[in-house]
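*Asks:* From first to last, the protein sequence lines are chains V and R.
End of the first sequence sits at 327 in our numbering; the numbers just go up one at a time, nothing left out.
End of the second sequence sits at 17 in our numbering; the numbers just go up one at a time, nothing left out.
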Amino acid sequence: MLEGKFEEASLLKKIVEAMKDCVSSCNFNCTENGISVQAVDNSRVLLISLLIEKDTFEEYRCDRNITLGVGLGSLSKIIGNGANSDYLTISADDDADKLNIIFEDKVKDKISEYNLKLLDIDADLLDVGPMDTDATITLPSADFAKICKDMKVLSESLQIIVTKDSALFQSVGDIGTGNIVIRPKTDIDHPEESVTISLDKPIDLSFGSKYLSDIIKATSLSQKVTIKLTDQSPGVFEYKLPSGYLRFYLAPKFDE
Amino acid sequence: FKKQKILSDFFPTK
């Protein structure tokens with residue numbers, strides 16, 4: 072039996088909104104430690120790795136490891152029915168063919184209950200393992216979202232060049248070019264506004280703008296995003312949860 | 004021209 076109670080429905084809403092345009096369905100793997108997901112988009116370019124640790128939940132129990140195949144569009148429709156501030160409890164029996172979803176209004180005496188039909192999903196898993204990182208950039212997630220949106224008007228590729236003291240985001244397209252440079256900054260009064268860049272090796276990587284547009288749908292999950300880049304390797308874009316993370320692994324573009 | 008790589012170019016299938 073799985074049972075997990077979120078203090079606020081808004082957290083699961085944000086997670087599902089961040090994932091559903093990239094993958095239509097995925098397996099939620101539930102263990103005593105929490106819930107994890109690995110899913111790859113249809114073009115096999117963008118991988119989502121989600122970990123919701125049990126401490127994220129107000130209450131959590133999972134007696135036996137279970138896998139729940141979930142259609143994210145359908146889940147999004149159902150959890151859209153609850154208010155952001157509602158308690159949200161998900162539960163499933165060990166051999167379940169449905170996920171039970173309950174919203175509890177914290178003010179009114181109102182409980183809403185839904186069942187979501189589960190899917191049988193047969194997906195290959197990729198072994199992403201621990202990766203070496205040549206450069207790590209941490210910046211406000213809203214700033215990163217704006218950079219991606221602004222650069223997308225110019226080109227279907229975004230080049231990220233990291234040197235010791237700056238990160239350059241560059242787009243070169245038919246109508247013109249754009250450059251945005253960010254440098255490390257410590258803001259003591261507003262730590263969420265700080266920018267850090269750590270570098271072992273200079274980086275020059277290009278990524279598809281349309282995939283970055285999918286990644287920045289996670290912006291509301293965290294005030295910060297951490298970007299880990301390694302030469303000739305996929306980029307990792309991580310949004311921290313209160314306890315856990317939503318990570319995107321994005322395959323780069325290479326010169327022919 | 005840049006060619007889009009796919010994830011299995013980097014990560015083995017489990």
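For glycine and all other residues, C-beta sits at the position ideal for the given N, C-alpha and C.
Is there contact between the region 116-134 of chain V and the region 311-323 of chain V, where contact requires at least three CB pairs shorter than 8 Å?
*Replies:* Judged by Cβ distances under 8 Å, the region 116-134 of chain V makes contact with the region 311-323 of chain V, as three or more pairs qualify.
*Asks:* Going along the chain, which residues of the region 308-325 of chain V sit with their C-beta nearer than 8 Å to a C-beta in chain R?
*Replies:* Listed by position, the residues of the region 308-325 of chain V near chain R (Cβ gap below 8 Å) are 320, 322, 323, 324 and 325.
*Asks:* Rounded to the nearest angstrom, what separates residue 146 of chain V and residue 89 of chain V at their Cα positions?
*Replies:* When rounded, the distance between both Cα atoms is 13 Å.
*Asks:* Taking DSSP as the reference, what is the three-state secondary structure of residue 127 of chain V?
*Replies:* Three-state result, residue 127 of chain V: helix.
*Asks:* Within 10 angstroms of the Cβ of residue 230 of chain V, are there 16 or more other Cβ atoms? Answer buried if so, exposed if not.
*Replies:* Its Cβ being crowded by 16 or more others within 10 Å, residue 230 of chain V is buried.
*Asks:* Check the DSSP bridge columns for residue 211 of chain V and list the partner residues they point to.
*Replies:* DSSP, once it has assigned bridges, lists V:295 as partnering residue 211 of chain V.
*Asks:* With burial defined as no fewer than 16 other Cβ atoms inside 10 Å of the residue's Cβ, what is the status of residue 247 of chain V: buried or exposed?
*Replies:* The residue is exposed, with fewer than 16 neighbouring Cβ atoms inside 10 Å.
*Asks:* Helix, strand or coil: which one does DSSP assign to residue 87 of chain V?
*Replies:* DSSP places residue 87 of chain V in helix when its eight states are reduced to three.
*Asks:* Going along chain R in order, which residues have a C-beta closer than 8 Å to the C-beta of residue 327 of chain V?
*Replies:* Ordered by position in chain R, the residues that pass the 8 Å Cβ test against residue 327 of chain V are 4, 5 and 6.
*Asks:* If we cut at 7 Å on Cβ distances, does residue 107 of chain V have a partner in chain R?
*Replies:* Taking Cβ atoms only, chain R never reaches closer than 7 Å to residue 107 of chain V, which makes this a no.
*Asks:* Quick one: Cα of residue 291 of chain V to Cα of residue 81 of chain V, how far?
*Replies:* Taking the straight line from one Cα to the other gives about 10 Å.
*Asks:* Give me, in chain order, the residues of the same chain whose beta-carbon lies closer than 7 Å to that of residue 258 of chain V; leave out the 5 immediate sequence neighbours on both sides.
*Replies:* Only 264 and 265 meet the Cβ criterion.
*Asks:* Give me the subset of the region 132-145 of chain V whose CB atoms are less than 8 Å from a CB atom of chain R, sorted by chain position.
*Replies:* Those would be none; no residue qualifies.
*Asks:* Can you tell me which of the three DSSP states residue 257 of chain V falls into?
*Replies:* Residue 257 of chain V falls in the coil class under three-state DSSP.
*Asks:* Taking only three categories from DSSP, how would you classify residue 268 of chain V?
*Replies:* Residue state, collapsed to three classes: strand.
*Asks:* Measure how close the beta-carbons of residue 269 of chain V and residue 202 of chain V come, nearest whole angstrom, since I'm counting them as under 8 Å.
*Replies:* Their Cβ separation, rounded to whole angstroms, is 15 Å, which puts residue 269 of chain V and residue 202 of chain V out of contact at 8 Å.
*Asks:* Using a beta-carbon distance cut-off of less than 7 Å, what residues from the region 279-290 of chain V approach chain R?
*Replies:* Under the 7 Å Cβ criterion, the region 279-290 of chain V contributes 279.
*Asks:* Going by DSSP, what residues sit across from residue 238 of chain V in a beta bridge?
*Replies:* Looking at the DSSP assignment, residue 238 of chain V forms a beta bridge with V:233 and V:253.
*Asks:* With a threshold of 16 other CB atoms inside 10 Å of the CB of residue 250 of chain V, please say whether the residue is buried or exposed.
*Replies:* Exposed.
*Asks:* Taking 8 Å as the cut-off, does the region 134-143 of chain V touch the region 86-100 of chain V (at least 3 CB pairs, one atom from each stretch)?
*Replies:* Contact between the region 86-100 of chain V and the region 134-143 of chain V is present, because at least three Cβ pairs lie under 8 Å.
*Asks:* Listed in chain order, which residues of the region 219-235 of chain V have Cβ atoms closer than 7 Å to some Cβ of chain R?
*Replies:* Those residues of the region 219-235 of chain V that come within reach of chain R (Cβ to Cβ, closer than 7 Å) are 228.
*Asks:* Mapping the DSSP letters down to three states, classify residue 301 of chain V as helix, strand or coil.
*Replies:* Coil at residue 301 of chain V, not helix or strand.
*Asks:* Nearest to residue 186 of chain V by alpha carbon, out of V:160, V:255, V:94 and V:123?
*Replies:* Answer by Cα proximity: V:160.
*Asks:* Check residue 93 of chain V in the structure and name its three-state DSSP category.
*Replies:* Here residue 93 of chain V sits in coil by DSSP.
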